[in-house]
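Asks: Numbering-wise, the sequence shown is residues -20 to -1, 1 to 717 according to mature numbering (1 follows the signal peptide of the UniProt record, and there is no 0).
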Amino acid sequence: MNKQLSFVILALAGTITSYAQQDSAASRQQVAEIIVTANKFEEKSSYVAQKVEVMDTPVIADALSNTTAGLLEQSGKVFVQRSQLGGGSPVLRGFEASRILLVVDGVRMNNAIYRTGHLQNAITIDDDILERVEILYGPASTIYGSDALGGVVHFQTRQAQLSASEKPLVTTNASVRYSSAYREYSGHADINLGWKKWAILTSLSYSSFGDLRQGNNRNPFYPELGKRTTYIDRVNGVDSIVANTDPNVQKFSGYKQLDLLQKILWQPSRTRSHQLNVQYSTSSDIPRYDRLTDTRDSKLRWAEWYYGPQQRFLASYQYKAKALNGFFDQFNAGASYQKINESRIQRAYRKDHKEYRVEDVDVLALNADLRKSTGRHELGIGVDGQFNFLNSTAFLQNIVSQEKSYGLDTRYPDGSNRMSYTGLYVQQLFKLIPGKLILNDGLRLNYVSLRSRFSDTAILHLPFTEARQRNLTFSANAGVIYLPDAKSKLSFNFATGFRAPNIDDMAKVFESAGGVQLVVPNPNLRPEQSYNFDLSLSRNLLGWIYIEGSGFYSLFRNAMVLDQYRLNGADSVLYNGKLTAVVANQNKARAFIYGFQGSIELRPKDGLSIYGHITYTYGRYQGADGHEVPMDHIPPIFGKVGLSYRYRSVVTEAFILYNGWKHLADYNPYGEDNLQYATSPGMPSWYTLNISSTWTVTQHIKTQIGIENIFDQNYRVFASGINGPGRNLVVKLKAGF
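Encoded structure:
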């Protein structure tokens, strides 16, 4: 495969000479012109010590992706895991799920039941209304609080636009999209009405995905990987194992999704604004594809296993003021409410009772941020709070009689569940030598409280009825930036991060690893802490070569990992009719993660760009026996190489996405690496060759056509439970007026 990959790269570099991606030379040649909001307020990226990656509107608009998770994956700079088609869990520097922070329009998405395994919440943000994505690599707890260990992904949706004249501003956008491997049909429409002081933005998107077709060009050493030879269907009222007429079609992976957004902006003056932001995302049932392929006694285990409609509602208010006359120049304040509904429904083969576990989460949040700028000095101060309320229920339903019954264990405690985060931070930017040497430093004080009550402990005979914690945590950062000239940046950054145990960590009952182990509550967890060192260098050479590299080393203390555990003195319990090994989240000290990221971009002529990105990560922790154990969620080496060219109104890009081998010795034996969905030696390396072309037909009409995975490679991403798409034709038509 390595020889084949090398051939493809050389062929790609030699054959694509007349088309390409939108020129971003200005953003690359003048790093200081990129504006980021990593520290809550707009700042030049050259003044920020932390590594920040920005995906702007042109990049988002020209991407082939069909979900927000896919958008991150196609950047080649973020690893994304999938347990099912309706998912996508980003990984930053070996951290995933609740160890990275997702933010949308300044509001934390992470809540009290974000798990350390794999999450699908990123897809609840509509990529068709995204204006910008900022990815912060490394701990960002000083500004953002708990969970920001591996970094932050900040999704920013399009802003409502005011009219620059007395005449009302009316703009509309619409698009339709089709992709063959996904059997996808998607549509989007938005309208903006703007006046001098008022603006309204309305957006709607709908997507329908069929059963995903995987590639037919299989690895000769692992030809059975991901084959869907049989599935369970209900025939004449009886569960029956049915032969799949096309084993490349991953039966029962499709789903549907609807996304709505409404923004109302009132700007009474040039320096004051009020904005109401309402978002709603819902879906059909989403099949948990990996579980539908689980076996027991060499037979498919689950007749049904799916997430019920995943619903996310957000209502936020934001007030912004600038050019203030008091001690502070800028002031931002916000309040938000989120309601999240998740459910898990499963039924074993030839069993009449279907299990329902339903989670309802309500989240209230408040924040206030202030900044003062005085020449060489900028000072930011902020306070924030997030208050989570969880109701966890469960019941059984007979699929024949439709009768409901109770006595099923809930996923989380069946009593009251509350968790709150509050914090105060101070962040400073000091220009030691203006234009040459800049200092970033900050400090945060955070208080987290949690209380969960178990009303019924009869099923597992838990030795406690309540889990309660109060944690006071400090985090800090200090970074130095050296700018020897306008085209170079050298930065060193030290930052601490923390993640307080949430309800999912402390109080969950969950069957993991395909039914071979049972996760049980452990009320004695402590906050995870990380101490991270970063060294980054970026440089423009000769006016047409841009290189960037960063290395990091993280000490991970009190790391929560799944490990063998004893419940009431026993290492196994009878669960779902099977004696199952007991594991629990436990704090494991002396963990470490290190790695590097590198990028290069060459622009030898106007419009032509040749680029490459690569990321490597390695992580281990010390087990109970003193031996090093692989950390879970550590991706194999991955990246992207490609070239692009713009010619008049046509933009074409050809690129390769690739993953290296993940060998058995690098899998975590207790966590969520999902070896059972890989081959016996681990997950094989893979690559896909992709090409897309965007043609701006008129000022108002744009067409996009692309072919993903041209060679129809059969592959599966590390830790995933579903194979990637085979050869995929993508057609998209966009209109804007």
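No residue lacks a Cβ here, since even glycine has one placed at the ideal position from N, Cα and C.
As the structure is a computational prediction, the values presented were derived from the model and not from experiment.
1. Between the Cα of S253 and the Cα atoms of K243, Q259, S261, E76, which residue gives the shortest distance?
2. Are the CB atoms of I681 and L65 nearer to each other than 8 Å?
3. Using a Cβ-Cβ cutoff of less than 8 Å, which residues in the same chain neighbour V677 once the five nearest sequence positions on both sides are dropped?
4. Touching or not, the stretch 93 to 109 and the stretch 437 to 457, by the rule of three or more beta carbon pairs under 8 Å?
5. Contact check, R193 vs G706 under 8 Å by CB: the rounded distance?
6. Only counting the same chain, and skipping five residues up and downstream in sequence, which positions put a Cβ closer than 6 Å to that of Y299?
7. Could you tell me which of L51, L181, A634, F232 sits nearest to T209, measuring between CA atoms?
8. Looking only at its own chain, which residues have a Cβ that is under 7 Å from the Cβ of T483, when we skip the five neighbours before and after it?
9. Among all the DSSP beta bridges, which residues are the ones paired with G360?
10. Enumerate in chain order the residues of its own chain whose CB-to-CB distance from G603 is below 6 Å, with the five nearest sequence positions on each side excluded.
11. At what residues does the beta strand (DSSP E) containing A564 begin and finish?
12. Could you check whether Q259 and L294 sit closer than 8 Å to each other, using their CB atoms as the reference points?
13. Return yes when the Cβ of P507 is within less than 8 Å of the Cβ of L442, no when it is not.
14. Which one or two residues does DSSP pair with P610 in a beta bridge?
15. Along the chain, where does the beta strand (DSSP E) containing Y235 start, and where does it finish?
16. May I have the straight-line CA-CA distance separating Y601 from L110, to the nearest angstrom?
17. Give every residue of the same chain whose Cβ lies closer than 8 Å to the Cβ of R537, excluding the five residues on either side of it in the sequence, and list them in chain order.
18. Determine the burial state of S700: buried for a count of at least 16 other Cβ atoms within 10 Å of its Cβ, exposed for fewer.
19. Would you tell me roughly how many angstroms separate the C-alpha atoms of G662 and H643, rounded to the nearest one?
20. Could you tell me which whole alpha helix (DSSP H) segments of length 4 or greater appear in the stretch 264 to 340?
21. For the pair the stretch 70 to 89 and the stretch 272 to 286, tell me if three or more CB-CB distances fall below 8 Å.
22. With C-beta atoms as the reference, is T137 less than 8 Å away from G716?
23. If R95 sits next to S78, beta carbons under 8 Å apart, how far is it from one beta carbon to the other, in whole angstroms?
24. In chain order, what residues of the same chain have a beta carbon less than 7 Å from the beta carbon of residue 743, not counting five sequence neighbours either side?
25. Relative to the alpha-carbon of R546, which residue among Q577, L498, P203, K176 has its alpha-carbon at the smallest distance?
26. For N368, verify whether its CB is less than 7 Å away from any heavy atom of the ligand NAD.
27. Could you tell me the alpha carbon to alpha carbon distance between G575 and Y598, rounded to whole angstroms?
28. Given a threshold of 16 other Cβ atoms within 10 Å of its Cβ, counted over all protein chains shown, does R268 qualify as buried or as exposed?
29. Enumerate in chain order the residues of its own chain whose CB-to-CB distance from Y533 is below 6 Å, with the five nearest sequence positions on each side excluded.
30. Over what stretch of residues does the beta strand (DSSP E) that includes S121 continue unbroken?
31. Please work out which residues of its chain come closer than 7 Å, Cβ to Cβ, to K488, disregarding the five sequence neighbours upstream and downstream, and give them in chain order.
32. Quick one: Cα of N451 to Cα of Y401, how far?
33. Which whole runs of the beta strand (DSSP E) in the stretch 22 to 77 are 3 residues long or more, in chain order?
34. At what residues does the alpha helix (DSSP H) containing M486 begin and finish?
35. Would you check if the stretch 638 to 657 and the stretch 175 to 183 touch, i.e. whether three or more CB-CB distances between them fall below 8 Å?
36. Under 8 Å by Cβ, that's how I've got Q577 and M540 pegged, so tell me the actual separation to the nearest angstrom.
Replies: Taking the definition as stated:
1. Here the closest residue by C-alpha is K243.
2. Contact flag unset, no.
3. If the five residues before and after V677 are omitted, its C-beta is found closer than 8 Å to the C-beta atoms of S629, T683, all from its own chain and listed in chain order.
4. Touching, no.
5. Cβ-Cβ separation between R193 and G706: approximately 5 Å, consistent with a contact (criterion under 8 Å).
6. So the qualifying residues of the chain are H254, A313.
7. With distances taken between Cα atoms, T209 lies closest to F232.
8. In the sequence as presented, Thr is not what sits at residue 483; that position holds Ile. These residues qualify, in order along the chain: A92, I93, L370, Y392, N397, M399, L430, S432.
9. In the DSSP assignment, the residues bridged to G360 are R351, Q407.
10. Excluding residues within five positions, the ones whose Cβ falls inside 6 Å are V609.
11. First-last of the beta strand (DSSP E) with A564: 558 to 568.
12. For L294 and Q259, yes; Cβs fall inside 8 Å.
13. The answer is no: Cβ separation not under 8 Å.
14. Beta-bridge pairing links P610 to R600.
15. Start and end: 235 to 249.
16. Y601 and L110 have their alpha carbons spaced roughly 38 Å apart.
17. So the qualifying residues of the chain are E508, Q509, S510, Y511, A569, R570, A571.
18. Its Cβ being crowded by 16 or more others within 10 Å, S700 is buried.
19. The alpha-carbon atoms of G662 and H643 are separated by roughly 5 Å.
20. Segments of the alpha helix (DSSP H) lying fully in the stretch 264 to 340: 269 to 272.
21. Too few Cβ pairs lie closer than 8 Å, so no.
22. The Cβ atoms of T137 and G716 do not sit closer than 8 Å to each other.
23. Confirmed, Cβ separation roughly 6 Å.
24. No answer is possible for residue 743: the residues shown for the chain start at -20 and end at 717.
25. Considering only alpha carbons, the answer is L498.
26. This structure simply doesn't include the ligand NAD, nor any ligand for that matter.
27. One C-alpha to the other measures close to 6 Å.
28. Residue burial is scored here from C-beta neighbours: R268 has at least 16 other C-beta atoms within 10 angstroms and is therefore classed as buried.
29. Within the same chain, Y533 has close Cβ partners F513, Y574.
30. It is not in any beta strand (DSSP E) - S121 instead sits in the alpha helix (DSSP H) that spans 121 to 124.
31. Cβ neighbours of K488 beyond the five flanking positions: R391, Y392, V499, P501.
32. The alpha-carbon of N451 is positioned some 10 Å away from that of Y401.
33. 31 to 35, 59 to 61, 69 to 72, all fully within the stretch 22 to 77.
34. Unbroken alpha helix (DSSP H) run through M486: 483 to 487.
35. Two segments are said to touch when three or more pairs of C-beta atoms, one from each, lie closer than 8 Å; by this definition the stretch 175 to 183 does not touch the stretch 638 to 657.
36. About 25 Å separates the Cβ atoms of Q577 and M540, ruling out a contact at the 8 Å cut-off.
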